[in-house]
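Inspection log for the structure reproduced underneath, given as structure tokens.
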Amino acid sequence: MKILVVGTGAREHAICKVIEGDAELYSIMSNKNPGIARISRYQISSENDIDNVKKFAQENKIDIAVIGPEAPLEKGIVNALEEIGVGCVGPTMEAAKIETDKVFMRTMFENYKIDGSLVYKVFDNHEDISVFIDDFGNDVVIKPVGLTGGKGVKIMGEQLKDADEAKKYAKEVVDTKMGGHARVVIEERAIGEEFTVQAFVDGKNIAPMPAVQDHPYAFEGDEGPITGGMGSYSDKNGLLPFLDKKGYKCSVSIMEDTVKAINKEVGPYRGFLYGQFMLGADGPKLIEYNARFGDPEAMNVLELLQSNFVDICERIVNGNLRGAKFADKATVCKYIVPKGYPGSAVPDQVIDVDENKINETGSQVYYAAVNEKDGKVYSSSSRALGIVSVGETISEAEKICENATKYVKGDIYHRRDVGTADLIQKRVNHMKELKK
Ligand code: GLY
């Protein structure tokens with residue numbers, strides 16, 4: 236079996252690690268990720284150059300391609316690879332619209348009466364935007380319709396100070412066709428605790444994974460700008476300290492209904508489905524879907540996966556997925572990022588990673604946006620590497636992980652509070668307050 240992994244980051248490194256030894260591993264990445272390079276036959280080229288990926292797959296007689304990021308999915312990488320008989324773990328461009336077209340997603344929730352949606356409206360002109368925001372009266376979230384690399388969504392009360400700033404930004408989204416459309420989605424702002432549920436999907440069956448909580452803010456105490464995610468944790472029982480079985484099952488049921496609806500609308504969804512939920516007083520609300528694994532969330536769950544990943548990939552392609560087993564342990568992932576991230580990190584700085592020492596702590600390293608040159612690891616302006624540790628409790632995993640971070644040196648920082656008892660208690664208290 237020959238498997239091609241498309242993508243360059245820590246998520247793809249984690250995917251490659253669970254394939255290693257069970258299949259011949261090939262990869263296409265945009266720069267030399269040392270972790271992926273070490274275990275695969277790789278080509279350094281853009282994962283968005285679909286013709287080239289197709290040629291590489293054909294030349295190497297690839298059986299299955301696993302697609303990491305969303306951008307090539309939007310460009311139709313799966314449609315192109317399926318044309319030449321390569322089985323794909325990733326949705327077609329039509330099914331990927333669950334992430335790449337927010338109007339498609341919200342309309343489907345409405346038409347198929349799927350639970351957990353939010354009040355929303357779609358606009359293409361200034362006047363209607365102003366009237367809606369004035370009449371709505373509560374905080375809103377402004378979302379470009381298409382992909383913006385995680386930079387387009389802005390929340391009133393956070394990045395947007397008030398209704399005037401929300402209106403101005405919504406109009407800018409329309410005028411500049413941000414995300415590729417001269418339209419904007421305006422949603423109610425959901426209040427609660429965010430969490431992620433990911434699932435393997437074979438077109439009709441879904442195999443859900445343990446819930447995870449990511450930390451999007453750059454600095455400790457949830458301060459600073461939004462990032463791609465500074466770290467994440469999962470709990471021993473697959474739930475989270477603030478998320479009970481009922482809330483988790485409700486989220487999985489929303490994802491099941493979504494998969495059925497996609498099937499009816501545009502055909503089968505195959506691959507990984509990432510549901511980002513907000514748990515409030517009246518249950519989970521769907522904030523958005525990603526048509527891929529989460530980053531860092533993939534690292535938490537793949538570290539626990541006991542089922543054979545290659546077997547799961549084959550089952551996704553063949554439509555006979557049966558479920559997936561995960562170790563009953565807690566995980567903590569901390570992202571090490573260059574100083575100045577996000578926005579003003581100076582790239583091309585050497586980062587010294589003592590992998591042996593990190594492994595001795597029982598932790599794993601997953602390289603992200605770094606480049607290996609002459610045996611040295613160089614930073615970019617984005618996240619550098621994730622360290623993942625497993626424990627009987629979140630607290631145990633956190634201590635192991637924090638200890639491991641001292642073996643990475645350079646002009647870097649990380650959030651020491653990810654997975655700590657204090658921060659988790661804050662989440663639990665917040666949930667209790669909301670339920671009062
Ligand atoms: N953790 C955020 C994402 O994967 O998009």
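My numbering applies: residue 236 is where the sequence shown begins, and numbers increase by one. For each residue, glycine too, the CB sits at the ideal point set by N, CA and C. None of the values given here were measured: they were computed from a predicted structure.
*asked:* Within the continuous alpha helix (DSSP H) that includes residue 367, where are the two ends?
replied: Your numbering for residue 367 matches position 132 in the sequence shown. Note, residue 367: alpha helix (DSSP H), 361-371.
*Proximity test, residue 334 beta-carbon vs ligand 1 heavy atom, cut-off 7 angstroms*: In the sequence shown, residue 334 corresponds to position 99, counting from 1. Checking every heavy atom of ligand 1 against the Cβ of residue 334, none is found closer than 7 angstroms.
*Assumed close pair residue 589, residue 648 - CB separation to whole angstroms, cut-off 8 angstroms*: Taking the sequence shown and counting its residues from 1, one reaches residue 589 at position 354. Taking the sequence shown and counting its residues from 1, one reaches residue 648 at position 413. The pair is not a contact, with the Cβ atoms about 18 angstroms apart (cut-off 8 angstroms).
*Minimum length 3: unbroken beta strand (DSSP E) runs contained in the stretch 315-349*: 322-324
_For residue 491, report the span of its alpha helix (DSSP H) as first-last._
Here residue 491 corresponds to residue number 256 of the sequence shown, with the count starting at 1. Counting along the chain, the alpha helix (DSSP H) containing residue 491 begins and ends at 480-501.
*With DSSP as the reference, please indicate the residues paired to residue 568 in a beta bridge.*
Here residue 568 refers to the residue found at position 333 when the sequence shown is read from its first residue. Residue 568 pairs with 467 and 623.
*Who are the Cβ neighbours of residue 652 in its own chain at under 6 angstroms, not counting the five residues just before and after it?*
Here residue 652 refers to the residue found at position 417 when the sequence shown is read from its first residue. Cβ within range, chain order: 455 and 658.
*Decide if the stretch 350-369 is in contact with the stretch 415-423; the criterion is three or more beta carbon pairs, one per stretch, under 8 angstroms apart.*
yes
_Would you say the beta carbon of residue 621 is closer than 7 angstroms to some non-hydrogen atom of ligand 1?_
For the purposes of this step, residue 621 is taken as residue 386 along the sequence shown, with counting starting at 1. Flag unset: Cβ of residue 621 not near ligand 1.
*Would you mind sorting residue 334 into buried or exposed? The rule is 16 or more other CB atoms within 10 Å of its CB.*
Within the sequence shown, the letter at position 99 stands for residue 334. By the 10 Å Cβ count, residue 334 comes out buried.
*Relative to the alpha-carbon of residue 266, which residue among 385, 315, 617 and 395 has its alpha-carbon at the smallest distance?*
As a working note, residue 266 is residue 31 in the sequence shown. Per the Cα distances, 617.
*Could you tell me whether the stretch 573-581 touches the stretch 239-248, using the rule of 3 or more Cβ pairs below 8 angstroms?*
no
*Would you check if the distance between the CB atom of residue 219 and the CB atom of residue 250 is smaller than 8 angstroms?*
Because residue 219 is not part of the residues shown, which for the chain are 236 to 671, the question remains open.
_Proximal residues to residue 537 (C-beta, below 6 angstroms), its chain only, five neighbours per side dropped_ = By one-based count along the sequence shown, residue 537 stands at place 302. These residues qualify, in order along the chain: 249 and 253.
*Does DSSP classify residue 563 as helix, strand or coil?*
On the sequence shown, residue 563 is found 328 positions in, with the first residue counted as 1. Residue 563 falls in the coil class under three-state DSSP.
_To the nearest angstrom, how far is the alpha carbon of residue 294 from that of residue 305?_
Working through the sequence shown from its first residue, we reach residue 294 at position 59. Working through the sequence shown from its first residue, we reach residue 305 at position 70. Distance between the alpha carbons of residue 294 and residue 305: 24 angstroms.
*asked:* Just to confirm the assignment: which complete beta strand (DSSP E) runs, minimum length 3, are found wholly within the stretch 393-440?
replied: 419-423 and 428-437
*To which residues does DSSP link residue 512 through a beta bridge?*
Within the sequence shown, numbered from 1, the residue matching residue 512 stands at position 277. Answer is 430 and 521.
*Among 596, 485 and 385, which has the Cα closest to the Cα of residue 350?*
One-based indexing of the sequence shown puts residue 350 at position 115. Cα-wise, what sits closest to residue 350 is 485.
*Proximity below 8 angstroms, CB of residue 559 to CB of residue 627*: Working through the sequence shown from its first residue, we reach residue 559 at position 324. Working through the sequence shown from its first residue, we reach residue 627 at position 392. Contact: no.
_Alpha carbons only, please: which of 427, 392 and 380 is nearest the one belonging to residue 407?_
The residue labelled residue 407 in the question sits at position 172 within the sequence shown. Here the closest residue by C-alpha is 380.
*Looking at C-beta atoms only, is the number of pairs between the stretch 387-402 and the stretch 430-444 that lie closer than 8 angstroms three or more?*
Taking one beta carbon from each stretch, the stretch 387-402 and the stretch 430-444 have fewer than 3 pairs nearer than 8 angstroms; the two do not touch.
*asked:* Quick check on the contact list: which residues have their beta carbon closer than 5 angstroms to a heavy atom of ligand 1?
replied: 449, 464, 529 and 530
*What's the C-alpha gap between residue 693 and residue 671?*
Nothing can be reported for residue 693: it is not among the residues displayed for the chain, which extend from 236 to 671.
*For residue 606, three-class secondary structure by DSSP*: Taking the sequence shown and counting its residues from 1, one reaches residue 606 at position 371. If DSSP states are grouped into helix, strand and coil, residue 606 belongs with the strands.
*Nearest CA to the CA of residue 397: which residue from 504, 637, 368 and 556?*
The residue you call residue 397 lines up with position 162 of the sequence shown. Comparing Cα-Cα distances from residue 397 to each of 504, 637, 368 and 556, the minimum goes to 368.
*Would you mind reading off the limits of the beta strand (DSSP E) that contains residue 237?*
Walking along the sequence shown from the start, residue 237 turns up at place 2. For residue 237, the enclosing beta strand (DSSP E) covers residues 237-241.
_Helix, strand or coil, according to DSSP, for residue 505 in the structure here?_
The residue given as residue 505 occupies position 270 in the sequence shown. Correct three-state label for residue 505: strand.
_Reduced DSSP category for residue 278 - H, G, I as helix; E, B as strand; rest coil_ = In the sequence shown, residue 278 corresponds to position 43, counting from 1. Reduced to three states, the DSSP call for residue 278 is strand.
*Are residue 605 and residue 283 touching if we call contact CB-CB under 8 angstroms?*
In the sequence shown, residue 605 corresponds to position 370, counting from 1. In the sequence shown, residue 283 corresponds to position 48, counting from 1. Their beta carbons are not under 8 angstroms apart, which means residue 605 does not touch residue 283 by this criterion.
*Looking only at C-alpha atoms, which of 634, 662 and 492 sits nearest to residue 345?*
For the purposes of this step, residue 345 is identified with residue 110 of the sequence shown, where counting begins at 1. Among 634, 662 and 492, the Cα nearest to that of residue 345 is on 492.
_Which residues does DSSP list as the beta-bridge partners of residue 540?_
As a position in the sequence shown, residue 540 is number 305, starting the count at 1. DSSP lists 561 as partners of residue 540.
*asked:* On the DSSP bridge list, what partners appear for residue 599?
replied: For the purposes of this step, residue 599 is taken as the residue at position 364 of the sequence shown. 623, per the DSSP bridge assignment.
*Identify every run of the beta strand (DSSP E) within the stretch 635-663, keeping only runs that are complete inside it and at least 3 residues long; order them along the chain.*
Counting only runs of 3 or more, we get nothing.
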